[in-house]
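Report on one structure; see the data block that follows.
Numbering (UniProt numbering), first residue to last: 1 to 422.
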């Protein structure tokens with residue numbers, strides 16, 4: 001019965017994804033063969049078991065969204081799979097850049113002068129170091145990042161627009177990974193952490209960076225696969241752009257954008273999330289994981305990319321067509337965003353509500369203390385001082401459905417200039 005129940009759940013999943021039976025069976029069979037291959041090869045070559053397992057999981061994770069993009073007929077699943085594939089590609093490029101930067105950054109050099117390091121003394125020089133050692137304090141940023149990631153995942157899973165949040169999160173995260181890949185390999189800075197400055201991947205190097213001829217691309221690729229699942233791996237050399245700060249701020253922006261509350265009240269949840277995020281950013285500088293510049297750039301880039309993408313997505317939702325853009329934007333960025341954000345077949349785009357037209361025989365209601373209405377005297381009058389416009393009130397029919405009024409703002413039916421003639 002359990003076997004039949006499992007087969008029924010897989011059949012239900014296949015139908016929900018709208019995959020053909022032949023492609024679904026081919027995918028499952030390939031996954032089983034890869035798993036058996038990884039287990040057998042890992043048993044023969046015990047020393048490479050961890051690397052082979054990482055390669056196996058990487059291949060399977062890349063294969064799943066690729067099959068969904070090419071074979072599923074559901075536009076929602078296709079967009080989610082495409083965003084996941086872009087996220088995985090950006091993550092792999094970032095890991096490859098981090099691995100290359102680890103070989104390139106100079107070793108056994110003093111850290112650069114930093115304002116945050118001057119404000120926050122080293123953990124080992126504090127009295128609390130007797131109770132919480134410096135090696136344990138280095139885990140504080142990872143713990144805060146894990147808390148934000150788990151809570152954001154639960155929040156996104158419970159949100160009505162969960163798939164929209166997931167696809168936007170993956171796209172923004174993948175874009176930020178691409179940007180971070182450029183920054184970490186462009187300029188190599190001495191590590192801010194003492195343990196990273198004492199480590200070198202290619203023998204004992206007194207100072208300076210490794211030359212390009214000393215670095216093998218095979219070693220860089222092997223370390224990249226290890227960094228995809230960074231369990232027990234030390235990440236060093238990736239200065240200029242903090243990856244921990246990027247993920248923390250991205251989780252905070254997800255709460256900030258999609259968590260709604262009653263207007264006029266204090267959003268305690270958003271305040272709590274941002275306080276936790278700020279504590280995580282401060283802890284990154286405090287334990288010397290990154291420079292202050294790395295955290296500031298991560299905060300700036302993350303907020304800018306997140307806000308820019310959502311602004312373009314809102315323009316696509318209302319049917320705005322983009323024109324007069326750069327060639328790269330016109331060929332790649334804007335068409336991709338339009339494909340990702342276009343409404344589904346069963347989704348009706350919102351129709352803008354227009355104000356009812358006013359009849360000619362009706363006059364607007366003029367208030368005695370209204371400063372928005374400008375009264376223009378009759379230009380044909382000979383003496384402007386004798387012109388005394390009359391203020392009248394005309395009863396108008398109240399429409400059946402009035403648009404909602406935001407708290408703290410005045411509601412006016414219409415404000416218009418008129419010319420008084422008598």
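Even glycine gets a Cβ: it sits at the ideal position worked out from N, Cα and C.
For this session: From the DSSP output, in three-state form, read off residue 300 for me.
Result: On the chain shown, residue 300 is found 300 positions in, with the first residue counted as 1. Helix at residue 300.
For this session: Please confirm if the segment 287-296 is in contact with the segment 152-171, defined as three or more CB-CB distances below 8 Å between the two stretches.
Result: no
Exercise. Does the separation of the CB atoms of residue 269 and residue 255 fall below 8 Å?
Worked result: Counting from one through the chain shown, the residue named residue 269 turns up at place 269. Counting from one through the chain shown, the residue named residue 255 turns up at place 255. Yes, they are a contact pair.
Exercise. How is the alpha helix (DSSP H) around residue 268 delimited, first residue to last?
Worked result: Translated into positions along the chain shown, residue 268 becomes position 268. It spans 268-286 - the alpha helix (DSSP H) in which residue 268 sits, taken as one unbroken run.
Exercise. Does DSSP put residue 428 in a helix, in a strand, or in coil?
Worked result: The structure shown has nothing for residue 428, since the chain only spans 1 to 422.
For this session: Would you check whether the ligand ZN has a heavy atom nearer than 7 Å to the C-beta of residue 120?
Result: No copy of the ligand ZN appears in this structure; indeed no ligand is present at all.
Exercise. In whole angstroms, what is the alpha-carbon distance linking residue 227 and residue 94?
Worked result: Stepping through the chain shown from its first residue, residue 227 is reached at position 227. Stepping through the chain shown from its first residue, residue 94 is reached at position 94. Cα to Cα, residue 227 sits roughly 9 Å from residue 94.
Problem set entry | Helix, strand or coil at residue 110 [DSSP, three-state] | Within the chain shown, residue 110 is the residue found at index 110, counting from 1. Here residue 110 sits in coil by DSSP.
Exercise. Which of helix, strand or coil does DSSP assign to residue 160?
Worked result: Taking the first residue of the chain shown as position 1, residue 160 is located at position 160. Residue 160: coil per DSSP, three-state reduction.
Exercise. Per the contact definition of three or more C-beta pairs closer than 8 Å, is the segment 244-259 in contact with the segment 301-321?
Worked result: yes
Problem set entry | Where residue 236 falls: helix, strand or coil (DSSP) | Numbered from 1 along the chain shown, position 236 holds the residue referred to as residue 236. If DSSP states are grouped into helix, strand and coil, residue 236 belongs with coil.
For this session: For residue 194, I'd like the list of residues in its chain whose CB is within less than 8 Å of its CB, leaving aside the five on either flank, ordered along the chain.
Result: Within the chain shown, numbered from 1, the residue matching residue 194 stands at position 194. Excluding residues within five positions, the ones whose Cβ falls inside 8 Å are 288.
For this session: Consult DSSP for residue 76 and reduce its assignment to one of helix, strand or coil.
Result: Position 76 of the chain shown, counted from the start, is the residue given in the question as residue 76. It is helical.
Exercise. Taking DSSP as the reference, what is the three-state secondary structure of residue 294?
Worked result: Indexing the chain shown from 1 puts residue 294 at position 294. Three-state DSSP puts residue 294 in a helix.
Exercise. Taking the Cβ atom as the reference point for each residue, do residue 280 and residue 141 lie within a distance shorter than 8 Å?
Worked result: Residue 280 sits at position 280 when you count from the first residue of the chain shown. Residue 141 sits at position 141 when you count from the first residue of the chain shown. Result yes, Cβ atoms of residue 280 and residue 141 sit closer than 8 Å.
Exercise. Looking at the unbroken alpha helix (DSSP H) that takes in residue 118, where does it start and where does it end?
Worked result: Here residue 118 refers to the residue found at position 118 when the chain shown is read from its first residue. Run containing residue 118: 115-119, per the alpha helix (DSSP H) assignment.
For this session: Could you check if residue 115 is buried or exposed, using at least 16 other CB atoms within 10 Å of its CB as the buried criterion?
Result: Indexing the chain shown from 1 puts residue 115 at position 115. It counts as exposed.
Exercise. Do you know offhand how far residue 174's Cα is from residue 273's?
Worked result: Here residue 174 is taken as the residue at index 174 of the chain shown, counted from 1. Here residue 273 is taken as the residue at index 273 of the chain shown, counted from 1. When rounded, the distance between both Cα atoms is 23 Å.
Exercise. What three-state label does DSSP hand residue 105 in the structure shown?
Worked result: Position 105 of the chain shown, counted from the start, is the residue given in the question as residue 105. Note: residue 105 maps to coil in three-state DSSP.
For this session: Output the boundary residues of the alpha helix (DSSP H) element that contains residue 243.
Result: Numbered from 1 along the chain shown, position 243 holds the residue referred to as residue 243. Unbroken alpha helix (DSSP H) run through residue 243: 243-258.
Exercise. Going by C-alpha distance, which of 121, 278 and 90 is nearest residue 148?
Worked result: Numbered from its first residue, the chain shown carries residue 148 at position 148. Considering only alpha carbons, the answer is 278.
Problem set entry | Reduced DSSP category for residue 311 - H, G, I as helix; E, B as strand; rest coil | As a working mapping, residue 311 is identified with position 311 in the chain shown. Looking at residue 311 - three-state DSSP - the assignment turns out to be helix.
Problem set entry | Cβ neighbours of residue 181 in the same chain (closer than 7 Å, five flanking residues each side left out) | One-based indexing of the chain shown puts residue 181 at position 181. Excluding residues within five positions, the ones whose Cβ falls inside 7 Å are 93, 94 and 97.
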